[in-house]
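Residue numbering for the sequence shown is 2 to 108, as defined by the numbering used here. Below you'll find the structure, written out as structure tokens, and then a few comments.
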Amino acid sequence: AKLLKELGTDRVINYKTENLDEVLTKEFPNGVDVVWETIGGQLITGSKTLSGFYLSDYKHLYAKYLKQLIGDVVNNKLRVVLDLGQNTSEGEFAGIDSVVRGVEVFE
2 AKLLKELGTD RVINYKTENL DEVLTKEFPN GVDVVWETIG GQLITGSKTL
52 SGFYLSDYKH LYAKYLKQLI GDVVNNKLRV VLDLGQNTSE GEFAGIDSVV
102 RGVEVFE
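This is the structure we're talking about:
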């Protein structure tokens, strides 16, 4: 939650201690701009709808938006944070064997 606050998140909802529907209904009656959910908990077991797209379908736009993303990083509109697990007890994530551990660390 600390990192999310540093990145400018208005409200972090801990699915383990709070009810997602109640928080969104009470605190955001007019809706929200962005919700980041790692597809678990109430979202996966409820009647929720996920929508998205395959990034590879938009390869023709990569160059345009990569230039924009780089500009946003340079102009401090976008902050890139890499966590490679270097501060975990088992050390940095490396290879396919670290995928499960990485998911567990970030839950």
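The C-beta atom is built at its ideal place from N, Cα and C for all residues, glycine as well.
The C-beta distance from Ile14 to Leu21 rounds to 6 Å, short enough to fall under 8 Å.
Residue nearest to Gln87 within the set Asn77, Val81, Ser99, Lys78 is Ser99 (criterion: CA-CA distance). Collapsing the DSSP output to three states places Tyr16 in coil.
Contact between Leu79 and Asp73 holds: CB atoms are separated by about 4 Å, below the 8 Å threshold. For Gly103, the enclosing alpha helix (DSSP H) covers residues 100-107.
Our two residues, Val33 and Leu5, have alpha carbons roughly 16 Å apart in a direct line. Comparing alpha-carbon positions, the option among Val81, Leu56, Ala2, Gly103 lying closest to Ser90 turns out to be Gly103.
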